[in-house]
Structure formats: C-alpha cells, structure tokens
Amino acid sequence: MPSYLLLLAAIALSPLCAHKGEATAKYSYITRRSNVPVGRIKNLKKAKTKLRLSPGEHNQHGISIPSMLLSKRIIFLSSPVYPHISEQIISQLLYLEYESKRKPIHLYINSTGDLENNKIINLNGMTDVISIIDVIDYISSDVYTYCLGKAYGISCILASSGKKGFRFSLKNSSFCLNQSYSVIPFNQATNIEIQNKEIMNTKRKVVEIIANNTGKEKSHIERILERDRYFSAPEAVQFNLVDHILEREHNSIRRRGTIAWARKLSSSHERATNFGKKKAKNGSKEIGKGDTKSIDHPADEKPSNFQEHNGGSKGILTQMGSKNGKKQMAGELPNLVLAILKEKSSQQSEKKKTLIDQYKQIVSARLEGGSQNGEGKKDAPNFADIFSTLYLCYAEKIFDLDFVTKVSAALEGLLGGQSGGHGGRGEGGRDALNEATINHCMMMFHYLSALNVKNVTLCNQVRDYIVSHEVPPLVIYHYLECLSLLADSSDRSGKSNLRDYVIPVVDVFLESFYIFNNYLLLRILHFLHKLGFMDTELFLLLTRKINKNVYRENANRFELCLLARTYALYKKENITFSNYLCEDLLRSLTKYEDNFQGDQDGPVSQPDSQPGSIQVSHPDSHPDSHPDSHPDSHPDSHPDNQPDSQPENAPYVLEIENVNRQNYPLFGHPLYNDGLNFYAFFVDAKTTNREKCFERKNNLHVTFINGDVSEKERQGTPPRMSEWHKLFLYDEYKEKDIKNEPFVKLEDTQKKGRQMVQSYNQFLAENLHFQFSHKKIAQLFEQVSELMDKVKVDFSTDAEAHTEMDDQAVHQYKKKILYVENYYIGHIFHIVDSLLSLKAHHNCATFKKMESKILNAIKNNELYIIDNFDSDEIKSLLIFLSHTNRNYKEAFIYGLTHRMVDLYINNLCRPNTLSTFFYFLLNFTKQRVVRKNRFNHTIRNVIYNSYSWLNDNKSVLNLTAAIDAANSEGKQNSDARRVIKAKNYSLLQVLSMHVCKNVYFMSLSTLASLLRSLSYLFFTDANFFNVFIPLFMKHMADLSNVDILNITQAYNKQKIQNKYFYYLLAKQYQSNRSEETKNADPKIRLVG
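Numbering (mature numbering (1 follows the signal peptide of the UniProt record, and there is no 0)), first residue to last: -23 to -1, 1 to 1065.
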C-alpha cells in the first residue's frame, strides 16, 4: 500500500519537476564525458565564455555546430557538392531569408566542387550550383562569400557569385575553373543529340555567370575553360573572382579585419529605430549602409515630369540624351554637375528636379554597364565622376539610398581595384591616399556619411592613413564627425559599433590636442559622446584645459555655450564653472534691467515702435554693434520685418497664418547652428575674466593636482591606471595649454564688421561643411581628376551659381539680433537649459536670483522671441518656464506653440526637439489635486487640462492682449497683425498630418513620447493612434521600457482596445527587464 501511494505521488509531481529535469538534461552529456560536476556546469553562464545551445536542440544531448553557425547566419560548405548538400544550402538560404530580409548571409567555402579524390561524385553538380546561384539572386538578403582553403570547379563559381565588394579570400586559398563533367550513356542517337544540346546550353549558362561575376568577356572565359585554370588568392583578386584578401595587420594598435567590419556593420541595424531604411528595403541590403534621411522614387521609376523641359534646361537635356549610352568623354559627368548646379533651386519649379533625375539615370546606366562587360568598363566612372556625383547629392540633398549606394560601391571598386594591379592588398590599396589627396578622400567620406551610406574601404584607408602619418587637425575632426554621422544613436545597449575605429584616432588626437582650438575640441567631445565613447579622464583633461581659456578670456561666448552643453551631455557637473556662468549671467541681466528701466522712464523716441520691442541701446563696447543700427531700433519696427510681408513665391507650408517667417531662410542656412546662431557673429565676443565674476581670487582654482605632491607619489602611479589618467600627472601635459588659434587670421581693419563675418563664413563653409562656390568646386573637380585619375581636364567656368549662403541676408540678420548686455538672448536659454539638466539650481545660490531677472527679460521681449527664435531656442525657453513659472501668460505659450509647429511642418525643427517641447508643454496643463475620501484618507491625483486652442482653430488668442504696449498707437498697430491661427484645421490636426507624413524620419522613442504628449493634450483622433500600431508591432524588439510605458499610457488614455498589441508590449517589457537584471551587477548583501 505505501509503495502504491508513493507511485501516485510521483506521477502527480512529475509535471512540476519536468522543467528542472530538462535543465539538468542539457548538461548530462557534458558531465558524463568530462567528469565535471553538474553544479559547476550550471555556473558557466557567469563565465566569460558562454555555452549556448541553438534553438530547437534543448532536448538533444549534443551541440550541433552547424545549427549554432546557422543561428549566426553562417553557412559552411566544407565538402563536395553532393545533391543533398545543394538542397541543404538552398533550404538554409530560404530559412535565413524568412528570418530577416535585411541582414547579410555569410557563406564560407572550402570545397572541391563535384570531385572527390579525382572522381566524379555528382554528374548534375553544375545544375545544382546554378540553382543555388539563382536562389542567391532571388532572395533579398546579401550573401557574402569567404574562401577558406580551396574552391575548385563549381564551388569556385559559387564563391564568385557573392555580393560584389564582399567576396573574400584568405591569403593562401586556391581557386580552379574548369568545365563541367558529364557522361552520356548508351542511348538512341536522337536522345544523345538532345542531351548534347542540353550540356552545351548548361555550359553557355556557366560562361554567362562567370562573365557577369568577373566582368570579363565571354570569349575570354570560354578560352580559359578549355583546360583547368588555377588561381592563387592575388590572381583571383586580379581576375575579379573575389574582391579582398583577408590578412591580419601586425601593428602596434589592435585592429579587426574586414569580416569583423562586415559583421559589426550588419549587426548595427538589428535594433535600429530609424525607419527610413526599413521603408527603403531595396536599398537596405548594402552592407554598412546607415539610416536613410529621405525616400526618393526608385531608380527605375521615371518621374511624372520626365518628358517636361523648357527654357534653359533644354540644351542640357539634349546634351544628356546624346551622351546616354555612348562612350564617356573625359570630364563629362563633372561638366553636367556644374550645369545642374547653375540652375536655381525652387520647389515651385520642376526644371532642376528633371535634370537631376536624368543625371541619376545616366550614372546608373554607366555603373551597371561598367560592371557587366569589358567594353563598358572603359566607360565606368572614375574618381572625378564619383566626387562630382557625391557633391551633387550632398549639395542638393538627394537622399536616394539605392543610387548613392551604387556610387559608393563604384568608389570601393576603384579603391580596392588598385590593390589587385599591384598583386597585394597592403600597398596598392593606399595609392589613392597621400598628402595631396587626403582632403579629397575626406570630402567623399563626409558626403557619404552625410547621406547615411557607409563605405568600409574608404573608412579603413582613411583611418590607417591618420594613424601612420601626421595629418592636420581638421582631418581628425572630420574623421570623427563622419563616424558620428554614421553612429546609431538609438542603440539601447549604449555601445557604439564603431568604437574600435575611434580608439586609434583618439590616441593620435591626444598626442596633439593642444594645437586644436576650442571650437574643434568641443565638437570632438560631442562626436565622441554620440559614438558612445565617453571616457571620463579624456573628458576631464579637455574640459579643464578649455576652462582655462574661458577664465582667461581666450574663448568666445559661442564656445562658452558649447562647453555648458558638453557638461550637460556627459552628465558631469563642474560647480566652479556653474557658479561662474551664473555670476556672469547675473551681472549682464542686472545691467540690462537697469538700462531697460532707465529707458522706460524717459520719453518714447519712436512713435512707430512695436510693443515688446527693445528700448535699450546696445552697449557701445560690444563687438557686434554696428554703426548702421540705431540704438533704439528694433527688428520689429522695420517695415520689411512684418510677418505679412512674405515673398510672393515663398517655398513654405502656410498652414498657420500670420507667422513671421522672415528668418526661415537663415534657419536653413548651412552654417546656422540651432540654438546657437552663427559662429562668425561671436568670434570676438570674448568671455568675462574670472576676477570680474568673483571678488576673491582664490575662489576659483584651475589646477589639476595639489602643488605639494611629492615626487615619490607621482612615480608611484598604480600599474593598472589608465594611460589617459597619467596625462593629469605628467608635467609635459600640465604645461600644454590649448593655443586656440583663430580659423582666419585677419588684419586689424578687418576684425570688425561685415568683412570678418564673410571671411569666417567662407572658411567654415569650405573647410568644415565642404560646401563651395561654383568656381571653387570646378577647381576641385580639376584637382581630383589630375591627382587621382592622372588626367588633366579643364572645368573652368565664369558663371556663378546660386547658393544658400547669402552674405547680404546674413549681414541684415546680424544687425537685428538682440543682446542682453554681453549675451545673445538665445544663448541665455541655451546655458540655462544645460544648467537645469545638471540640476545646478539646487547647488548654486545665484541661480534663484537669476531666474527672476530672466523672467523679466522674457516679459520685455515677448514679441521678439515669438518672431525670431528657432526651434531649439523655443524648446530651451519652455523648459526654463516649466521649472520657474508654469502659470505664465497663455497668449505667450500660444504664440510659442504655433511657431514651433510651423517650424516643424517647414522642416526647420528636428523631431526630437518637437517631442521635447510637447513633453514640457504638459507641465503647463498639469494640476495636482488633493482630496479626502470617506475614510478621511488623503488622495493625491494629477489631472491634465489641455488648452482649448490646441484642438479648436476657432479659439484664437491675440498675442498683444496681455502685453503692455509702449503706447496706444503701437498697440493698435500690433493688434492687426498678431492674430496667429491655423487655417483649416486645429493646431494638433495640422501637426498630426505632418507627423504621419514624416514618421519614417523619427526614431521609435521620439514617436512614442510625442504620442503620449498628444494623448494627454486631449487629441482624440483614434485613427491617428491606430495608424502606428502595425509599426510598433513590426519593430517590437526595438522598443525600450520607457517607450513601452509611453505607448501604453497614450493608448490607454485614448481607450483603444487591442488585447494582442498590449500583450506584445507586456511581453517585450518583461524581456527587457530580464535582460537588464541579467546584465546588472550582483547586489551586495550585508551579512551580520
């Protein structure tokens, strides 16, 4: 009886123990073979080398290496191509295509083809390989091939059929091309003839495949296939069977090979949240391609206006049509680019767009023709053609991912093709880079990075050149800038995939950091932050050196704002620097307030002055004061600054009425910095000396170590200390200060006024943004053709093309910007925003005094702020108001919100800036309610009340109704023009339409935060929220827990019922939590 009960109990408890038994069974085979206790095997997860089983093998006793490789998208052909092997490879390719259409597949080959021990093992081997190649061409995923030992016969054809540019071989691999083997059995004569025709047909297919893969002529391939032809690895590269030879580079700095580059760049998109690349699926197959900023029409789709041309473009179109498909003339493509750049760009005219579309078709045809046959390869684009094409795409903002990727592949072919001619990869691959051409190569790297296309070969060669040669500071600056443009900023892991390519250049940079100026150093710190390279010792070294220059008046106020933003980005607070900023701002605000009150007490000098205009004269000592500007003048009082005086054909979306868009062309200027304005305006606006900010000189210490550190303590540096930490202890680094030499050396007569601004803008445009005038770009085309193509071509032109850099408009804008004593008013909110993000208002006693004075400055300049601020300045202003005064005038918040939405719908506001603005706008509608329940318990709730004008365009606020005008006449004049409102829809409806239109330019985090804000602002269009459910479900694995919480709150507020969607959100939330817990440091438990 007891045994019967025990049996029943065992049966009942067996399901509970099944899971634990399955976990133990995983390691049973390992423990039996190695005599290792099971308890130790279970702790393998904590070791550095993790033992993981592939999916579907949890109930097996062994570990399947092919399955583990398949889980990493690796297929290994290590045997002759038997029929079942070809079927297995096809099934694996189709499975990996089903798993992901945008990740590459890695095919490793070490095979003798259809022979084994010189015996034919598969008579239909050639047909099997052709079927594999057809599947490779059919699937969307790119296939990268690697020859590890040998590739003979049909396996050699398979190795050459990978993605062009990503066919690799080891240095000692061998290749062999031969005819297919076939046996015709005894049969009827008619059947023998039929089989013979089929064999010859198969041979023709093989010849076509090899000719297409190598770019050789068919007759040449047929002669080679007459007998067995063996190739070494360099010969295979020269014959174009493969593209690169993989070798380990023995240098002092550890580097990774091309395979690591391919894996790293392909895996960087697994969790990306920029949707541009996912909409352009056809373009996302190229390895190393970044997120697309724009979606253009496909290359093979003609625009609707393809046949329409008129006026001055007719001659150019005729020239293009006559050249298309014919032999290329030297310098033809650069001349076409110069002709296109002459045309004035306008959204109302389709002339320039037609020219660009035809130019893209010509280049695409030549790129395809140059890769198919030998004759067309003579017409393939050279360096000058590629340089001019990339400049056209960059200057005209052509974000056609497919087209730019083809151009990048052609550039890789030119850079990699030089190595084949020299018989090796080491020397010839760097022939294109030398002291004369490094700047031109860096320009092409910058253009590709700005267009979100990664060129692996160019990046590797530029990095190696920087490490092995002495280069100017701007080359290092541009290299790090290009990497930051390519960095995936939405990577939740926080580790950049380009980190290994930053470390060698940072080592070079640290050896010569003192020759950089403040601006370049601060920008480099921003680039490193975006790359996830946030080394504390490096940050402290550079910021302390820059602080020295700030305190010694060796920096300008533009660089001061950049330094404050740098501290905010790195989340590192410098209390001394914060106190310095607050003291200096307080002094300037106090002087401004006294001057303003003094002018208010006096008579009004101008009867036409607008309410809210500045009645304070600019300080005479200010470097940016101009003799043409009257002290009492204000930009709003100028007759041309009225918001109704828009150009007749203004290329802006006019969904909102009476918004002052006069500064919009300046906001789109290439040299304009959002929130900081033009750098050239503040070149000689030096910072305040520290002795003027602090009464006691000893309050400010800029030393790195105590002066009484003994020599023994200096030598006793721990051996494990960071190399960069030693920079704080060595005297040679302590003595090296940043020279901060100006970009442009001007004479004393040119240091003020218009000439200085023009000189700096020209230097920054040409050397930092790589944008040139028409004559200058023609000279660059000549230099590239002569230095890199070894061909002299004359591209001289007398005509000057229209550019976005209008010096006259910049000069007029400089005269009307507002200064509060020594500070530009936009810089004040930029600095305050940075201090608030570091919670400096809790540590600085001066910050509270400064708040009230900033509020007074806002009150006195409300109309100027609404008419002239850009999106970043408005965002910083709203963040300040949300921390200080959430009950500010509703009319002012009304004007700021309408201007922010108008900036966004005109593409002058970034999506993350818009999302941050609406996030803090919720603080103005939030109310805390405290009540007692029936049990006399205190219940605290938060209630959000939206503004009525957000969801109703009939609810209009007059901006001057709550603003005190200087006189009644000024108020009457301003009342007629300050009625800003949406035309046909409510403000949030207008915003929602443009969010749907530009959703693929947003990240997931930005979209989730914006949806939550709109939901809590009582935007009740359920269709708008339902549109994004499929998008979130498709990219569920890319959502962070913060994004999931924002999405859940937004859709719960709208009462949208979708149980499956909420289930997936909850499942992803738990998965993220488990990953965070698994990767977190173990908690320390106190015992006793």
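Heads up, the beta-carbon is just placed ideally off N, CA and C, and yes, glycines get one too. Here the structure is a predicted model, which means the values were calculated and not measured.
Asked	Found
Nearest candidate by alpha-carbon position, reference ASN833, set PHE573, ASN975, TYR1037	PHE573
One or two residues paired with HIS83 in a DSSP bridge	ILE51, TYR121
GLU93 - DSSP class collapsed to helix/strand/coil	strand
Where ASN889 sits in the DSSP three-state scheme	helix
Where ASN913 falls: helix, strand or coil (DSSP)	coil
Cβ pair count under 8 Å reaching 3, the region 847 to 854 against the region 794 to 807	yes
Exposure label - GLN1031; buried when at least 16 CB within 10 Å	buried
Opening and closing residue of the alpha helix (DSSP H) in which SER63 lies	60 to 76
Through-space distance from GLY192 to GLY346, alpha-carbon basis	10 Å
Integer Cβ distance of VAL482 from LEU457, believed to fall under 8 Å	7 Å
Own chain partners of TYR371 with C-beta closer than 7 Å, once the 5 adjacent residues on each side are dropped	TYR424, ALA427, LEU428
Nearest-angstrom Cα separation, counted from GLN1047 out to THR1054	10 Å
Length at least 4, wholly inside the region 442 to 508: the alpha helix (DSSP H) runs in chain order	450 to 463, 480 to 488, 495 to 507
Which of helix, strand or coil DSSP assigns to LEU563	helix
Exposure of GLY130, with buried meaning 16 or more beta-carbon neighbours within 10 Å	buried
CA-to-CA distance, ARG887 to THR331, given in whole angstroms	28 Å
Cβ contact check for the region 731 to 742 and the region 409 to 423: 3 or more pairs under 8 Å	no
Contact check, ASN155 vs ASP111, beta carbons under 8 Å	no
Selected residue, minimal CA-CA separation from ASN149, among PHE758, ILE113, LYS180, ALA210	ALA210
Segment contact, 8 Å Cβ cut-off, at least three pairs: the region 1003 to 1022 with the region 921 to 936	no
Whole-number beta carbon distance between LEU218 and residue 1068, since they are thought to touch under 8 Å	Shown here, the chain extends from -23 to 1065; a query on residue 1068 therefore has no answer.
Validate contact between the region 524 to 535 and the region 786 to 796 using beta carbons, cut 8 Å, 3 pairs	no
Within 8 Å, strictly: CB atoms of THR664 and ARG564	no
Burial state of ASP114, where buried means 16 or more other Cβ atoms lie within 10 Å	exposed
Limits of the unbroken alpha helix (DSSP H) element including LEU369	360 to 372
Cα-Cα separation, ALA213 to TYR629	55 Å
Distance between ASP484 and VAL448 (C-alpha atoms, nearest Å)	13 Å
Cβ-heavy atom distance, SER48 to the ligand FAD, below 7 Å	In the structure shown, the ligand FAD is absent, as is every other ligand, since no ligand is present at all.
Which of helix, strand or coil DSSP assigns to HIS221	strand
N- and C-terminal bounds of the beta strand (DSSP E) containing TYR207	206 to 209
CB-CB length for SER385 against VAL430, believed under 8 Å	5 Å
Inter-residue Cα distance where the pair is ARG905 and TYR921	9 Å
Residue nearest to LYS825 in terms of C-alpha spacing, selected from LYS793, ASN837, LEU795, ASN862	ASN862
Spatially closest choice to ALA128 from ILE42, LEU1008, ASP91, ILE715, by CA coordinates	ASP91
Beta-bridge partners of GLU634, as assigned by DSSP	LYS958
Under 8 Å between C-beta atoms of ASN637 and ASP844	yes
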